[in-house]
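Mapped onto numbering that gives the first Met the number 0, the consecutive letters of the sequence shown carry residue numbers 0 to 204. All residues carry an ideal CB built from backbone N, CA and C; glycine is no exception. Below is one structure, written out as structure tokens; the observations come after it.
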Amino acid sequence: MKGFILSVNKAKNEDSIALVLTKENVRSYYRFFGARHSILQLGYLIDFEVEGDDGKFLPRLRSLSQVAFPWIYDKNKLLIWQNFIQKFAFHLKDASDIESFYFDLLLDCAKKWDKQNPKRVVCDSYLKILEFEGRLHFDEYCFICEEKIEDEVSLMQAYRMAHPHCIYTSALPTKKLFDTFKLKKTLLMDDDEIEYMYTIAMKGF
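Here it is in structure tokens:
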């Protein structure tokens with residue numbers, strides 16, 4: 000079984016509890032002497048077996064191995080990846096059985112992480128998440144004042160649209176943002192615009 004580690008918390012002594020996202024679920028697992036294992040790190044993709052899955056206690060991780068990606072030793076890319084993963088941990092904290100969409104999305108991101116600007120990959124993925132969850136809205140009206148948006152638009156959490164003067168923040172060209180939403184990709188955005196969209200995405204899903 001393969002899964003992405005969404006969080007790792009210390010248990011007693013050197014044991015750990017890991018929250019793992021697989022194709023089918025989000026579950027917590029116990030790992031004896033987990034603190035000694037470099038594989039058990041936030042954001043890593045692991046191959047593992049489960050022991051003691053009888054419902055009485057936390058199931059246990061065993062026979063761990065890491066599915067490595069070439070960018071994993073690049074500190075900057077790893078830090079962005081771990082920040083991205085933390086948003087998944089919070090977003091899926093109350094989930095149990097889920098669709099494979101989230102695992103497949105993360106796997107696709109991991110494969111692109113060293114080929115594209117990671118922040119652009121995050122923004123593209125954020126758009127896909129919002130669309131999958133039915134929260135990607137093409138609003139012509141400001142979320143704050145409900146008046147029509149004209150040439151420039153600002154973004155709130157979940158990429159909700161508002162007038163720049165209503166939320167006192169940077170702005171994007173409205174047509175470019177609408178075209179980006181239709182494409183579900185940030186091909187039209189330059190690096191400064193990606194930085195802005197990335198900052199909004201990191202406020203949470």
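7 Å Cβ shell around glutamate 139 - same chain, five flanking residues per side excluded: Closer than 7 Å at Cβ, skipping near neighbours: Lys147 and Ile148.
Proximal residues to glutamine 40 (C-beta, below 8 Å), its chain only, five neighbours per side dropped: Only Ile4 and Val7 meet the Cβ criterion.
Range covered by the beta strand (DSSP E) that runs through serine 62: 59 to 66 is the extent of the beta strand (DSSP E) around serine 62.
Inter-residue spacing [alpha-carbon to alpha-carbon] between asparagine 82 and tryptophan 70: Taking the straight line joining both Cα atoms gives about 15 Å.
With 16 other Cβ atoms within 10 Å as the buried cut-off, status of methionine 0: Around the C-beta of methionine 0, fewer than 16 other C-beta atoms lie within 10 Å, and the residue is accordingly described as exposed.
Short Cβ contact (8 Å threshold) for alanine 170 with leucine 129: No, they are not a contact pair.
For methionine 196, the three-state DSSP class (helix, strand or coil): Of the three classes helix, strand and coil, the one that applies to methionine 196 here is helix, per DSSP.
Start and end residues, beta strand (DSSP E) containing serine 153: Membership of serine 153 in the beta strand (DSSP E) is indicated by the continuous run 151 to 154.
C-alpha gap between lysine 9 and leucine 57, whole angstroms: If you take the alpha carbons of lysine 9 and leucine 57, they lie about 14 Å apart.
For lysine 118 and isoleucine 193, believed in contact at Cβ under 8 Å, the rounded distance: Contact holds; Cβ gap of about 6 Å.
Alpha carbon of serine 62 to alpha carbon of phenylalanine 47, nearest angstrom: Roughly 5 Å between the two C-alpha positions.
Straight-line gap, valine 25 to lysine 183 (C-alpha atoms, nearest Å): For valine 25 and lysine 183, the distance between alpha carbons rounds to 26 Å.
Exposure of serine 153, with buried meaning 16 or more beta-carbon neighbours within 10 Å: Buried, since its Cβ has 16 or more Cβ neighbours within 10 Å.
C-alpha gap between cysteine 165 and phenylalanine 142, whole angstroms: About 9 Å.
Residue nearest to valine 121 in terms of C-alpha spacing, selected from His136, Lys86, Phe137 and Asp93: Looking at the Cα atoms, Lys86 is the closest of the given residues.
For aspartate 96, the nearest candidate out of Met196, Met155, Ser27 and Glu50 (CA to CA): The shortest C-alpha separation from aspartate 96 is found at Ser27.
Beta-ladder partner(s) of glutamate 48, from DSSP: Beta-bridge partners of glutamate 48 (DSSP): Arg61.
Cβ-based burial, leucine 20 [other Cβ within 10 Å; buried from 16]: Classification for leucine 20: buried.
Nonlocal neighbours in the same chain, by C-beta distance under 7 Å from lysine 202, ignoring five residues either side: Result list for lysine 202: Gln156, in chain order.
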